[in-house]
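Using this note's numbering, the first residue of the sequence shown is number 1, and each one after it goes up by one. The C-beta atom is built at its ideal place from N, Cα and C for all residues, glycine as well. These numbers were taken from a predicted model, which means no experiment stands behind them. Taking it in order: structure first as structure tokens, then the write-up.
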Amino acid sequence: QVQLVESGGGLVQPGGSLRLSCVASGNIFNIDRMDWYRQAPGKQREWVATITDDGSTTSADSMKGRFTISRDNTKSTVYLQMNSLSPEDTAVYYCNARTGSRTHWGPGTQVTVSS
């Protein structure tokens, strides 16, 4: 079993930046990849970015150049650096980890972009 806890969300002005963190615990050695997703009010959850076990990263086209996924050397913490935030980025941001066919989710962290 893998447990995930996100942090770093909050209120930020348009144009600002935030760095989200996701700490994984439990059976982290079986994690194949970790992802960030987000869900805005009234919308479906959407994929934001992925980092695989070998460190390869991908991100949604709409967020390339603004959002960057990374992790620490222990592979137990994944980050999402978000720059040039706009109100459209307001959402709950979720961390996701995959171990084989299983998917694990964190409770999410709220990001609100508003002046």
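In the DSSP assignment, Gln3 falls within the unbroken beta strand (DSSP E) covering 2–7.
Note: Gln81 is bridge-paired with Arg19, Thr68 in the DSSP secondary-structure output. Secondary structure at Asp32: coil, using DSSP grouped into helix, strand and coil. From the listed residues Val12, Gly65, Arg38, Lys75, the smallest Cα separation to Ala91 is found for Arg38. In this structure, Leu80 and Val48 form a Cβ contact; the two beta carbons are roughly 7 Å apart against a cut-off of 8 Å. In this structure, Thr50 sits near Asp35, with a CB-CB distance shorter than 8 Å. Nearest C-alpha to Gly16 among Ala97, Ile28, Glu88: Glu88. By the neighbour-count criterion, in which 16 or more other beta carbons inside 10 Å mark a residue as buried, Asn96 falls on the buried side.
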